[in-house]
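Worksheet: one structure, shown below.
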Amino acid sequence: MAHNVIEVGADGPYHATCAVAEAAPGEVWLCRCGQSKNKPHCDGSHRAAGFTDPATYTVGSLGEASGDLVVKPAPNGPLLCSGGVEVRDASGTVVFRGEKAALCRCGASTNKPFCDATHRKLGFQAP
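For our numbering, add 399 to where a residue sits in the sequence shown, where the first one is 1.
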């Protein structure tokens, strides 16, 4: 499953090895601070914004994961992952494995790296 991995960087972006909607399959860095001018991709804005999240999480669901992973940004919402996905925190610990996940991209979820719908309260906008 090495090609279906999303690593969460401490104080930085998601590093995904997968297929991203409207992009070639491979490695991509996806914004999770909400500040990128090139959403859903990271442009380094997390540094200037002072985004902090140590990316150390509690292990959650570790189900089965198979099939090709596709990541698609929801309009003004999370990154929707479908297909087999493994999410690893900054230490490399697998914190989720399954067929579907919604990853925060507004930067404000209290359940990072997963979406908790805070983007709605903030009025998060993405192109």
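For every residue, glycine included, the Cβ atom is placed at its ideal position computed from N, Cα and C.
For clarity, every value in this text was computed on a predicted model and none was experimentally measured.
In whole angstroms, give me the CA-to-CA distance for residue i and residue j.
i, j, result
"GLY466", "GLY411", "27 Å"
"MET400", "ASP488", "In this prediction, MET400 has a pLDDT of 41, which is less than 50 and means its spatial position is unreliable; what the coordinates show is noted afterwards. Near 16 Å, if we compare the C-alpha coordinates of ASP488 and MET400."
"CYS441", "THR416", "14 Å"
"GLY497", "ALA448", "32 Å"
"LYS520", "GLY506", "12 Å"
"THR527", "SER490", "Here the chain has residues from 400 to 526 only, and residue 527 is not among them."
"CYS514", "GLY425", "24 Å"
"VAL427", "VAL470", "10 Å"
"LEU502", "GLY443", "18 Å"
Rounded to the nearest angstrom, how far is the Cβ of residue i from that of residue j, given a contact under 8 Å?
i, j, result
"CYS430", "LYS438", "5 Å"
"ARG504", "PRO477", "6 Å"
"LYS532", "CYS480", "The requested residue 532 does not occur in the structure, where the chain is confined to residues 400 to 526."
"THR517", "VAL494", "That belief does not hold up - the Cβ atoms of THR517 and VAL494 are roughly 19 Å apart, past 8 Å."
If I follow the unbroken beta strand (DSSP E) through residue i, where does it start and stop?
i, result
"SER481", "478–487"
"ARG496", "493–502"
Consult DSSP for residue i and reduce its assignment to one of helix, strand or coil.
i, result
"LEU468", "coil"
"ALA507", "coil"
"ALA447", "helix"
"MET400", "With a pLDDT of 41 at MET400, under the threshold of 50, the modelled position of that residue is not reliable, and the figure given next carries that caveat. Note: MET400 maps to coil in three-state DSSP."
"THR457", "coil"
Along the alpha helix (DSSP H) that carries residue i, what are the first and last residues, could you check?
i, result
"LEU521", "517–521"
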